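Have a look at the structure below, then the notes.
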Amino acid sequence: MKLLTRYLSREIYSSLLLVFTSLLMLFAFFDFLGELNDLGKGGYNLGYVFVYVLLTVPTRIYELFPVAVLIGTIFALVQMAANSELTIYRSSGASLKQMISALLKIALPLMVLSLICGELIAPPSMKLAQELRLKALNAQVSFREFRSGVWVKDEQSFVNVKSVLPDSSLQNVSIYEFNNNFVLDSITSAKHAIFIKEGSWQLEGVMQTRFDKEGAKIEQQAQKEWSSAITPDILRVLMVVPEQMSAWNLFLYTQHLRENKQDSLRYEIEMWNKLLYPFAVMVMMLLALPFASHQNRQGGVSGKIFSGIVLGLSFYFIGRLFAHLGTLNNWQPFLSAAAMTVIFLFLALWMLWRTERR
44 MKLLTRYLSR EIYSSLLLVF TSLLMLFAFF DFLGELNDLG KGGYNLGYVF VYVLLTVPTR
104 IYELFPVAVL IGTIFALVQM AANSELTIYR SSGASLKQMI SALLKIALPL MVLSLICGEL
164 IAPPSMKLAQ ELRLKALNAQ VSFREFRSGV WVKDEQSFVN VKSVLPDSSL QNVSIYEFNN
224 NFVLDSITSA KHAIFIKEGS WQLEGVMQTR FDKEGAKIEQ QAQKEWSSAI TPDILRVLMV
284 VPEQMSAWNL FLYTQHLREN KQDSLRYEIE MWNKLLYPFA VMVMMLLALP FASHQNRQGG
344 VSGKIFSGIV LGLSFYFIGR LFAHLGTLNN WQPFLSAAAM TVIFLFLALW MLWRTERR
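44 is the number of the first residue of the sequence shown in the numbering used here; add one for each residue after it.
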C-alpha cells in the first residue's frame with residue numbers, strides 16, 4: 044500500500060506541476076495583455092507591468108487549485124490506466140477503498156498548501172500588487188458603491204469617504220455624528236485624514252458644523268484629531284474584493300459589520316468559501332478516479348482531460364453563482380458556500396459506485 048501511495052503521489056505531483064505551469068503561463072499572459080491598456084500612464088512602465096503580473100501569480104495559483112488538481116490527477120491516472128498499471132494494482136489486491144485512501148493521503152499536502160496560499164501568501168501579494176500599481180499610475184482609489192463614495196458606520200457616526208490614497212490616507216471625509224436619540228449633532232468635513240495610531244486619525248482642512256437649540260454653528264480648523272474605531276485595515280477591505288481576502292480578515296470585517304448592525308452576508312459567504320476551499324481539492328481528486336476506468340472503451344487522454352476542464356470550470360463558475368445567489372436571497376452562509384463542494388462530492392461518490400459495479 045505504501046508503494047502504491049508513493050508511486051501515485053510521484054505521478055500525480057509531476058502532472059500537477061505540468062498543469063499548473065501551463066495554466067499559470069496562460070493566465071499570466073492574459074493579465075499582461077490586460078495591463079497593457081494602462082501602459083505609459085503616470086510612471087506605469089513595462090517593468091511595473093511585469094512586477095504586477097508576477098505579484099498576482101499567488102492569487103492565480105489559489106484560484107486554479109481545484110481545477111489544476113482535477114486535470115492533473117485525471118492526466119496521471121489515465122496515463123497509468125493506458126499503460127495497464129492501475130489494472131495490475133487492482134489485480135494485485137488493491138481495493139477501491141485503498142485507492143481512495145491513497146488519493147486522500149496525496150491530497151492532504153495539497154489541501155494544506157492551498158490553505159497556506161489562500162491565507163498567508165495570496166492576500167498580501169495581491170495587496171502589494173495593487174498598491175504598486177496605484178503608486179505607479181499616480182492614482183487614487185475611488186469607491187464606486189455610491190456616487191457619493193463609500194459610507195461606513197462607526198458607533199454613533201456615519202462616515203463618508205470619497206477616496207483612499209495608496210498610503211491609506213483619506214481624502215474628502217465627511218463625519219455625521221448623532222446622539223443617543225438619533226438626532227444629528229454635528230457634521231465634520233475634512234479635506235485629508237491621516238492615520239496616527241489605533242483609534243485616532245488626524246484631520247486636515249476641517250470645517251465642523253454643530254447643531255443645537257440656538258441653531259447651527261460653523262467652526263474651521265487647520266487640524267483636528269478624530270477618534271474612531273475605523274482603521275486602515277478596515278478601509279483597505281473596501282479596496283479589495285472579498286474573494287482576494289484571507290478568511291481571518293473576512294472574519295474580522297464581518298465582526299465589525301455585525302457590531303455596527305450592518306449587512307455582513309456577502310463577507311460571511313466568502314469566509315466560508317475560503318475555509319471550505321481546501322476540501323474542494325480532496326473532492327476533485329476523488330472525482331478524477333472514475334476517469335481512469337475502462338480506458339479502452341471510453342476514449343483517450345485528450346477527451347478525459349477536456350471533461351476534467353469542463354467539470355473544473357463548472358465547479359468554479361457555478362460556485363461563484365451560488366455565492367451571488369446566496370447574497371441576493373439571504374441564504375444561510377455556510378450552505379451557500381458548501382453547496383458546490385457537496386454536490387461534486389456526491390457526484391464523485393456516485394461515479395465511483397457506478398464504476399465499481401461495472
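Where is the CB? At the ideal position from N, CA and C, for every residue including glycine. These numbers come from a predicted model, not from an experiment.
{"query": "Expressed to the nearest angstrom, what Euclidean distance is found between the alpha-carbon atoms of residue 366 and residue 294?", "result": "17 Å"}
{"query": "Does DSSP put residue 215 in a helix, in a strand, or in coil?", "result": "strand"}
{"query": "Apply the 10 Å Cβ neighbour rule to residue 263 and answer buried if 16 or more other Cβ atoms are within range, or exposed otherwise.", "result": "exposed"}
{"query": "Leaving out five residues on either side along the sequence, give the residues of the same chain with a beta carbon under 8 Å from the beta carbon of residue 196.", "result": "202, 303, 304, 305"}
{"query": "What did DSSP end up calling residue 169 once you bin it into helix, strand or coil?", "result": "helix"}
{"query": "Is residue 369 near residue 357, with beta carbons less than 8 Å apart?", "result": "no"}
{"query": "Along the chain, which unbroken stretches of the alpha helix (DSSP H) at least 4 residues long are found entirely within the region 51 to 112?", "result": "89 to 98"}
{"query": "Mind checking which residues open and close the alpha helix (DSSP H) that includes residue 388?", "result": "376 to 400"}
{"query": "Between 176, 81, 211, 310, which lies nearest to residue 240 when the distance is taken from Cα to Cα?", "result": "211"}
{"query": "For the putative contact between residue 376 and residue 292, defined by C-beta atoms under 8 Å, what is the C-beta separation to the nearest angstrom?", "result": "Actually they do not touch by this definition, with Cβ atoms about 16 Å apart."}
{"query": "Could you spell out the range, first to last residue, of the alpha helix (DSSP H) harbouring residue 271?", "result": "Neither: residue 271 is in no alpha helix (DSSP H) and is coded neither H nor E."}
{"query": "Please name the residue, chosen from 91, 153, 148, 140, that lies closest to residue 105 on a Cα-to-Cα basis.", "result": "153"}
{"query": "With a 10 Å radius around its C-beta and 16 neighbouring C-beta atoms as the bar for buried, classify residue 99 as buried or exposed.", "result": "buried"}
{"query": "Excluding sequence positions up to five away, which residues of its chain have a Cβ less than 6 Å from the Cβ of residue 168?", "result": "98, 101"}
{"query": "Tell whether a beta-carbon distance below 8 Å holds between residue 17 and residue 384.", "result": "An answer regarding residue 17 cannot be provided, because it is not within the stretch 44 to 401 covered by the chain."}
{"query": "For residue 87, which residues in the same chain have their Cβ closer than 6 Å to its Cβ, ignoring the five residues on either side in sequence?", "result": "81, 179, 180"}
{"query": "Taking the alpha carbon of residue 363 as the point to measure from, which residue in 79, 286, 238, 217 has its own alpha carbon closest?", "result": "286"}
{"query": "Mind checking whether residue 108 and residue 157 have CB atoms under 8 Å apart?", "result": "yes"}
{"query": "If you follow the beta strand (DSSP E) that residue 203 is in, where does it begin and where does it stop?", "result": "200 to 207"}
{"query": "Whose CA, out of 84, 289, 269, lies closest to the CA of residue 243?", "result": "269"}
{"query": "Under a Cβ-count criterion, where at least 16 other Cβ atoms within 10 Å of its own Cβ denotes burial, should residue 315 be classed as buried or exposed?", "result": "buried"}
{"query": "For residue 198, which of 218, 213, 248, 265 has the nearest alpha-carbon?", "result": "218"}
{"query": "Identify the continuous beta strand (DSSP E) that holds residue 247 and give its terminal residues.", "result": "243 to 255"}
{"query": "Check residue 127 in the structure and name its three-state DSSP category.", "result": "coil"}
{"query": "Buried or exposed for residue 347, please, with buried defined as at least 16 other CB atoms from any protein chain shown within 10 angstroms of its CB.", "result": "buried"}
{"query": "Comparing alpha-carbon positions, which option in 289, 226, 114 lies nearest residue 254?", "result": "226"}
{"query": "Please report the straight-line C-alpha distance between residue 148 and residue 48, rounded to a whole angstrom.", "result": "8 Å"}
{"query": "Quick one: grab the DSSP three-state call for residue 322.", "result": "helix"}
{"query": "Look at the Cβ atom of residue 59, then the Cβ atom of residue 115, and state whether they are nearer than 8 Å.", "result": "yes"}
{"query": "Quick check on this structure: which residue in 62, 93, 85, 63 has the alpha carbon closest to the alpha carbon of residue 77?", "result": "93"}
{"query": "Which same chain residues, not among the five before or five after residue 342, have their C-beta less than 6 Å away from its C-beta?", "result": "Since pLDDT at residue 342 reaches only 49, below the 50 mark, its modelled position is unreliable, and the value read off the structure follows with that caveat. So the list is empty, once near-sequence residues are dropped."}
{"query": "Rounded to whole angstroms, what's the CA-CA distance from residue 237 to residue 215? Just pull it up for me.", "result": "12 Å"}
{"query": "Name the DSSP bridge partner or partners of residue 194?", "result": "203"}
{"query": "Alpha carbon to alpha carbon, what distance is there between residue 125 and residue 311?", "result": "45 Å"}
{"query": "Can you tell which of 256, 265, 252, 230 has its C-alpha closest to the C-alpha of residue 246?", "result": "265"}
{"query": "According to DSSP, residue 259 sits in a beta bridge with which residue or residues?", "result": "254"}
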